[in-house]
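Asks: Numbering (my numbering), first residue to last: 358 to 812.
Don't be surprised by glycine CBs; every beta carbon is placed ideally from N, CA and C.
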């Protein structure tokens, strides 16, 4: 990188910095965190929802599938929009979608209406996630390390408390449990001082938005339909349609490098390694979130007891995330992420040997900590490599990769559960965070990739 290019990048970074405010890490963590409740907490409400909606298990699974699809689409779309329009308009869009989705879930008379509300909630949650991550990436350099440490600790707390929050909400109403992501709105006043409006809105590549949304939805739907043991024809058709749309999008992004999808980001070595690391960690996280309720229910644990058993993971995970942030200041972050991923893989193997409460709780605690550490350090990685003009888009694509990995982890664990048993399922899914450790180890310690230029 030439000295002139470095100076221009630093100047653009200073212009894109968000206003200085106290405690930005906690503020952004509270904005991001409730999105986690959309999966773990909502799963607790499915039995009650089935009785009230008179829906079967396979049909009811769309309550979770729709959320996974929507949050991926929302995050990857909103991430790039923050680059073009600024974070404040995206936050307002997130509030609108979250409110509409919560109201739809509150009054929905049938399953189709509930799924529609969950899609609105998910897209709004994805937009809130993208806003939080993009804002964290644009914090002043002096604030960023401490803010990301607090942000990661906050995510660990939300991940660990999700099952208990779902159990408490179901005691009130299953509809409340499905709408818990709306709690992100409570963080809007806290995060509003951190937002930066743009004076001139750049034109949005709507065709690129549509193609990317189709690819994102296709990837997640393929993973989710595989988890539901759908026919091979349906899975193959979904994968083929997604691949065809992805090919069209790739060709278009090469012809329009300054469009919605930045070809320079997708082709960068750092992005591919970071995406693989995030996908592997979240694949293991979603796998243990799928396995833990099944294993603990067989041991006689009720919904509330499962939540209480996993609750200590909030404190341990938060402490580990803070410790990892401190360690990342003294040594390359890739070492820290690799160690956290390997620890997670080891606890999954331990849970495969000991499927009792200790093994499950250990794996879940490591999962909460590793996912928070991955989100924290990969956001810092995107900040290091991506120029200010495309950081939101890069982070949105990383978020999409993590949720596709999560869907793949659920699919793999579910596919192995019945024919081979929980021990084999957990042992094999331990390969996902192990692969994440290998990818994290290869992350570049310095920004050696050529920065993406935005026209």
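#1: By Cβ distance below 8 Å, which residues in the same chain neighbour residue 781 in space, the five residues on each side in sequence not counted?
#2: Considering only residues of the same chain and omitting the five flanking positions on each side of residue 471, which have a CB-CB separation below 8 Å?
#3: Could you check the C-alpha separation between residue 743 and residue 512 for me, to the nearest Å?
#4: To the nearest angstrom, report how far apart residue 545 and residue 493 are at their CA atoms.
#5: In the structure shown, what three-state DSSP assignment does residue 601 receive?
#6: Can you give the Cα-Cα distance for residue 761 and residue 450, rounded to whole angstroms?
#7: Are the region 722-739 and the region 588-599 in contact at 8 Å, needing three or more beta carbon pairs?
#8: What does a CB cutoff of less than 6 Å around residue 489 pick up in its chain, not counting 5 residues either side in sequence?
#9: Out of curiosity, what's the CA-to-CA distance linking residue 473 and residue 524?
#10: If we count the other Cβ atoms within 10 Å of its Cβ and call it buried at 16 or more, is residue 789 buried or exposed?
#11: Using the rule of at least 16 other Cβ atoms within 10 Å of the residue's Cβ for burial, across every protein chain shown, is residue 562 buried or exposed?
#12: For my contact list, residue 426 and residue 578 are in at a C-beta cut-off of 8 Å; report their separation, rounded to the angstrom.
#13: Give the secondary structure of residue 790 by DSSP, where H, G and I count as helix, E and B as strand, and everything else as coil.
#14: So what's residue 500 in DSSP terms, helix, strand or just coil?
#15: Relative to the C-alpha of residue 732, which candidate in 498, 698, 542 has its C-alpha closest?
#16: Which class does residue 713 belong to by DSSP, given the choice of helix, strand or coil?
#17: According to the Cβ coordinates, are residue 553 and residue 443 closer than 9 Å?
#18: Identify every run of the alpha helix (DSSP H) within the region 517-559, keeping only runs that are complete inside it and at least 4 residues long; order them along the chain.
#19: Going along the chain, which unbroken runs of the alpha helix (DSSP H) with 4 or more residues stay wholly within the region 726-801?
#20: Measuring alpha carbon to alpha carbon, tell me which of 533, 484, 718 ends up nearest residue 750.
#21: Spell out a yes or no on whether the region 792-799 and the region 602-614 are touching, meaning 3 or more CB-CB pairs, one atom from each, closer than 8 Å.
#22: Is the region 641-650 in contact with the region 677-696, if contact means three or more CB pairs nearer than 8 Å?
#23: Tell me the rounded alpha-carbon separation between residue 805 and residue 736.
#24: If I measure Cβ to Cβ from residue 520 and keep anything under 6 Å in the same chain, skipping five residues before and after, which residues do I get?
#25: Under a Cβ-count criterion, where at least 16 other Cβ atoms within 10 Å of its own Cβ denotes burial, should residue 588 be classed as buried or exposed?
#26: What is the residue span of the alpha helix (DSSP H) that residue 392 lies within?
#27: So residue 398 is in the alpha helix (DSSP H); what residue range does that whole segment cover?
#28: In this structure, how does DSSP classify residue 825 when only helix, strand and coil are distinguished?
Replies: Short version:
#1: 709, 773
#2: 406, 410, 420, 461, 462, 465, 535
#3: 23 Å
#4: 15 Å
#5: helix
#6: 24 Å
#7: no
#8: 385, 388, 389
#9: 23 Å
#10: buried
#11: buried
#12: 6 Å
#13: helix
#14: coil
#15: 698
#16: coil
#17: yes
#18: 531-535, 545-548
#19: 748-777, 779-786, 788-798
#20: 484
#21: no
#22: no
#23: Model confidence at residue 805 stands at a pLDDT of 43, short of 50, so the residue's coordinates are unreliable and nothing is read from them.
#24: 397, 663, 664, 667
#25: exposed
#26: No alpha helix (DSSP H) contains residue 392, which DSSP labels as neither H nor E.
#27: 397-410
#28: This structure leaves residue 825 out entirely; the chain is present only between 358 and 812.
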